[in-house]
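Protein chains: 2
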Amino acid sequence: MTVEQRPIASAGGLRELKKQRTRDALLRVALELFTTKGYEQTTVDEIADAVDVSQRTFFRYFANKEAVVFAAQDTVEWHFVDALRERPSAEGPFTAMRRAVLSAWDTIEERLSPVVPVTLYMRTYQVIESTPALLAVHLRRSAELEEHIARLIAEREGLDIDADPRPRVAVAAFTGVMRVAGGLWGQGEDPSVAAIRELTAGYLDHLGPALADDWRA
Amino acid sequence: MTVEQRPIASAGGLRELKKQRTRDALLRVALELFTTKGYEQTTVDEIADAVDVSQRTFFRYFANKEAVVFAAQDTVEWHFVDALRERPSAEGPFTAMRRAVLSAWDTIEERLSPVVPVTLYMRTYQVIESTPALLAVHLRRSAELEEHIARLIAEREGLDIDADPRPRVAVAAFTGVMRVAGGLWGQGEDPSVAAIRELTAGYLDHLGPALADDWRA
DNA sequence: TTGTCAACTGTCAGTGGCTGACACTAGCCT
DNA sequence: AGGCTAGTGTCAGCCACTGACAGTTGACAA
């Protein structure tokens, strides 16, 4: 190479920059393939070939095939956790979680687009929901996130999570409803952020009434 | 073979009996290996060899390695669904689910022991909870079961499940709490039916209070 | 500029889960 | 007794994933 006397890298030298480029290329190519021809119909070899690296290199960037799929999902989930952290402590736990979700959806674009185009993420989420193997992993990851959130809530309320079951119980109920909303959104035909935002809000409104034992009111 | 002039098979001839025997042997050997040396440390070849069949035959009885693990779990889950079906329609949805779970645990022994010894099932459940790959599948299966239960509840209450969100929401909250209890039981040191029964009941009691937005009451 | 070190990559060989194809064996039924 | 067919073993092959080793290429100091 003759050009590139001065590496423009954001953090560190040329080496770091090349790594970021490779990772980014693998990520985008993979998601593009997954969303067009399906997750299971896409082999790791195809992804690696498209980016002109060896299969072995793919596995040095991503622990396994699934990891690519959840790279974007990860950003979205931490965005919610951050939003929850910023909720004033005066809000009750349930109110805080509810408002955190809604505010997270409102600001997801700026957080996500540097990682991956938002529409590509949306399509990826639909792939997750419709691919059994991915859905399974997604649910396990959600369970881990749930535990994390429960600890956050316990802290907020100054409770010992091992002594008081309410944090875990409240979070379980909350994320259960979220999952139902996410599932229906995945099946529906409006893959927009606004759509899932509204669906979520609506379903959360029904949690209280649904737990009352007499539904004929 | 010279003996066995008269096949004792319950349903059908000798062929059917041999099949049942093989399936049963594969199931028990597999669970025994999984619980002693771990799921991922056990290869399908080992299981097949221990039963003196080829690997190919194993895959004719079980769709994949996981399927063995969930054979017993399946029985337990349907036992709960049956218990729910038997709840008088006068009971509200939440009461019905709660009582169904408790009554299901009370009668699990007779239902399960023909399939697999109860203690072996208990140990298997701990393997599921502690093996990421299995936990993922377990959670996806639970989600399917959840949908099934939601439809049952909707029927009970004479509601259209696509119009009224309450069935899915209530079931999501309910099973969310169940999962928390199951997880803690898996980590705990008392692997008895009684233990999980009590843990479940206790956690369900906390669902109402946990959803109130002010926990300082 | 050059040389050394360390990081990154490719190649290769191998394991384990899983599948299709085909030939063989053994219950079943007439 | 003999034909039919369900069930099995063998074999070859795909794909995800891993360890080992050797080659290459940035980084950094002399």
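Residue numbers (full-length UniProt numbering), protein chains in the order written: chain E, 1 to 217; chain R, 1 to 217.
Virtual Cβ for every residue (Gly too), placed ideally from N, Cα, C.
Every value quoted in this text rests on a predicted model; they were computed, and no experiment measured them.
Beta-carbon contacts of residue i that lie in its chain and below 8 Å, excluding the five residues immediately before and after
| i | result |
| --- | --- |
| E:Met122 | Pro191, Ser192, Val193 |
| E:Glu91 | Arg99 |
| R:Phe62 | Leu26, Val68, Ala71 |
| E:Asp106 | Arg197 |
Cut-off 6 Å between Cβ atoms - residues of its own chain near residue i, not counting five sequence neighbours on either side
| i | result |
| --- | --- |
| E:Arg111 | His79 |
| E:Val51 | Ala25, Leu26, Val29 |
| R:Thr131 | Tyr39 |
| E:Val137 | Glu66 |
| E:Ala9 | Unreliable placement is indicated for E:Ala9, whose pLDDT of 36 sits below 50; the coordinate value is still reported in the next sentence. Around E:Ala9: Glu16, Leu17. |
Cβ pair residue i, residue j closer than 8 Å
| i | j | result |
| --- | --- | --- |
| R:Pro93 | R:Glu157 | yes |
| E:Gly176 | R:Gly176 | yes |
| E:Leu135 | E:Val68 | no |
| R:Trp215 | R:Leu199 | no |
| E:Tyr203 | E:Ala181 | yes |
| E:Val44 | E:Lys65 | yes |
| R:Leu102 | R:Arg197 | yes |
| R:Val53 | R:Thr22 | yes |
Coarse secondary structure for residue i, derived from DSSP in three states
| i | result |
| --- | --- |
| E:Phe58 | helix |
| R:Arg216 | coil |
| residue 298 of chain R | The requested residue 298 of chain R is not part of the displayed model; chain R covers only 1 to 217. |
| E:Ala90 | coil |
| E:Ile8 | Residue confidence for E:Ile8 is low, a pLDDT of 37 falling below 50, so the modelled location carries little weight; the figure read from the coordinates is stated next. Reduced to three states, the DSSP call for E:Ile8 is coil. |
| E:Ala154 | helix |
| E:Ala50 | helix |
| R:Leu159 | coil |
| R:Asp74 | helix |
| R:Leu14 | helix |
| R:Glu110 | helix |
| residue 232 of chain E | Any answer about residue 232 of chain E is impossible in this case: the structure gives chain E only from 1 up to 217. |
| E:Glu198 | helix |
| E:Tyr125 | helix |
| E:Gly183 | helix |
| E:Thr95 | helix |
| E:Gly176 | helix |
| E:Asp24 | helix |
| E:Thr36 | helix |
Cutoff 7 Å; reference residue i; Cβ partners in own chain excluding five residues on either side
| i | result |
| --- | --- |
| E:Val171 | Glu146, Ile149, Ala150, Ile153 |
Residue i to residue j span [Cα, whole Å]
| i | j | result |
| --- | --- | --- |
| E:Ala212 | E:Glu16 | 56 Å |
| E:Met97 | E:Arg85 | 10 Å |
| E:Ile161 | R:Ser142 | 25 Å |
| E:Arg6 | E:Ala83 | For E:Arg6, the predicted model reports a pLDDT of 39, less than 50, meaning its position is unreliable and no value from the coordinates is stated. |
| E:Thr2 | E:Glu40 | Reliability fails at E:Thr2, whose pLDDT of 33 lies under 50, so the model's placement of it is uncertain and the value that follows must be treated cautiously. Between E:Thr2 and E:Glu40, the C-alpha separation is close to 41 Å. |
| E:Asp49 | E:Ala133 | 24 Å |
| E:Leu14 | E:Val115 | 20 Å |
| E:Ala104 | R:Val81 | 37 Å |
| R:Gly208 | R:Gly12 | 52 Å |
| E:Pro88 | R:Gln187 | 34 Å |
| R:Glu129 | R:Met178 | 13 Å |
| R:Glu189 | E:Ile47 | 45 Å |
| R:Leu159 | R:His206 | 27 Å |
| R:Ala163 | E:Ile108 | 29 Å |
| E:Pro117 | E:Thr124 | 11 Å |
| R:Gln126 | E:Ala195 | 39 Å |
| E:Glu155 | R:Ala210 | 15 Å |
| R:Thr42 | E:Thr42 | 28 Å |
| R:Ala201 | R:Gln20 | 37 Å |
| E:Ser113 | E:Thr119 | 9 Å |
query = Would you say the segment 165-184 of chain E touches the segment 141-150 of chain E, given that touching needs at least three Cβ pairs under 8 Å?
reply = yes
ask   = At a cut of 8 Å, does the segment 21-35 of chain R reach the segment 48-68 of chain R through at least three beta carbon pairs?
value = With the cut-off at 8 Å, the segment 21-35 of chain R and the segment 48-68 of chain R touch.
query = So does the segment 74-89 of chain E actually touch the segment 36-46 of chain E, counting three or more Cβ pairs closer than 8 Å?
reply = no
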